[in-house]
Amino acid sequence: MAIVVTEHHPLETAARLGEILRDHGHRLRVVKLHAGDSLPEDLDNIDGLVSMGGPMGVAETDQHDWIEPEMAFIKQAHDAGLPVTGICLGAQLIAKALGGEVATMDQPEIGWGEVETSFFGTVDPILFGVPWKTPQFHAHGDEVTKCPPGGTPIPLMSTKACKAQAFRVGMTTYGFQFHFEWNRELIGTFLETFKDWVTRSGFDADRVRSECDSRYDLYRHIGDRLCENLSTLVYPLDKRRSA
1 MAIVVTEHHP LETAARLGEI LRDHGHRLRV VKLHAGDSLP EDLDNIDGLV SMGGPMGVAE
61 TDQHDWIEPE MAFIKQAHDA GLPVTGICLG AQLIAKALGG EVATMDQPEI GWGEVETSFF
121 GTVDPILFGV PWKTPQFHAH GDEVTKCPPG GTPIPLMSTK ACKAQAFRVG MTTYGFQFHF
181 EWNRELIGTF LETFKDWVTR SGFDADRVRS ECDSRYDLYR HIGDRLCENL STLVYPLDKR
241 RSA
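So that you can map any letter, position 59 of the sequence shown is 59 in full-length UniProt numbering, and since no number is skipped, the others follow by simple counting.
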């Protein structure tokens, strides 16, 4: 049994979420869609799904032939009651696959920004131990504009620029627009790799990098709590499906 982790760009790995899932005894089956890996043919021996981020958009199906198959796989896993988590692009894929809507933002959201928890977020177990206001790292130009049916009336978390920073569909399908799973090295690599996009979007990559010194420790602490909650509440070992 394994949790399938879909990756869409070499930079966008499961990072600390992957480490903590493994620490809790899970085996990960990493599918590098950007490198030509194929999705599983069925759900046999699969505990759940984690869909990572990427610089592409859900509408770019003509450029990335894995987008539509992955959305179909997400829906299949969700409909089967398997836990599904999406981060950044992964959250947008979940939204689109399950009947929500995704659109391009007027202004990308990049760097450090405070995320606020809604009332529904404060009572959702996945956010236990997470402050109502928390600094998170953002790196997206698209957003979920309409959450899929079957969740809470409003998203679990939001920012001024993006109302659906975290949402739930059903009991164990979660989408997170922000990157709680990144480590300091990955943040630095992102800012270097996508420096032109960051600059064109009106942000100073060097300034964002310098803010890591004052923000990273709290960011990591909160991110690790989210990873722990996912590992124990959404992907608990005692709820594994029989093969």
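Even glycine gets a Cβ: it sits at the ideal position worked out from N, Cα and C. These numbers were taken from a predicted model, which means no experiment stands behind them.
Requested in this report: Please name the residue or residues paired with Met157 in a DSSP beta bridge.
Outcome: Thr117, Ala166
Query - For Asp146, the residue or residues it bridges with in DSSP - result: What sits at residue 146 in the sequence shown is Lys, not Asp. BP columns for Lys146 point to Glu101.
Query raised in the report: Is Ala77 closer than 8 Å to Leu43 when the C-beta atoms are compared?
Result: yes
Query raised in the report: According to DSSP, which residues form a beta bridge with Leu49?
Result: Val4, Val84
Query raised in the report: In its own chain, which residues sit with a C-beta less than 7 Å from the C-beta of Leu98, not counting the 5 before and 5 after it?
Result: Lys75, His78, Pro148, Val169
Report task. Would you please state the rounded distance, in angstroms, between the beta carbons of Val102 and Gln92? I believe it to be under 8 Å. Result -> 5 Å
Query raised in the report: For Leu28, which beta-bridge partners are listed by DSSP?
Result: Ile3
Requested in this report: Report the rounded CA-to-CA distance for Met52 versus Leu89, giving the unit in angstroms.
Outcome: 7 Å
Query raised in the report: Are at least three pairs of beta-carbons, each pair with one atom in the segment 6 to 21 and one in the segment 173 to 186, less than 8 Å apart?
Result: yes
Query raised in the report: Looking only at its own chain, which residues have a Cβ that is under 6 Å from the Cβ of Val234, when we skip the five neighbours before and after it?
Result: Pro83, Thr172
Query raised in the report: Given Ala243, which residues of its chain have a CB within under 8 Å of its CB, disregarding the five upstream and five downstream residues?
Result: In this predicted model, Ala243 has a pLDDT of only 37, less than 50, meaning its place in the structure is not dependable; the value taken from the coordinates is given anyway. Excluding positions up to five away in sequence, the list reads Met1, Asp44, Asn45.
Requested in this report: May I ask you to verify whether the segment 24 to 38 touches the segment 4 to 13, counting CB pairs closer than 8 Å and requiring at least 3?
Outcome: yes
Query raised in the report: Would you say the segment 158 to 167 touches the segment 208 to 222, given that touching needs at least three Cβ pairs under 8 Å?
Result: no
Requested in this report: Pull up the distance between the alpha-carbon of His221 and that of Lys133, whole angstroms please.
Outcome: 14 Å
Query raised in the report: With C-beta atoms as the reference, is Gln136 less than 8 Å away from Gly113?
Result: yes
Query - Element boundaries [alpha helix (DSSP H), containing Tyr235] - result: Where Tyr235 is concerned, there is no enclosing alpha helix (DSSP H), given that its DSSP letter is neither H nor E.
Query - Cross-strand partners of Gln136 (DSSP beta bridge) - result: Gly113
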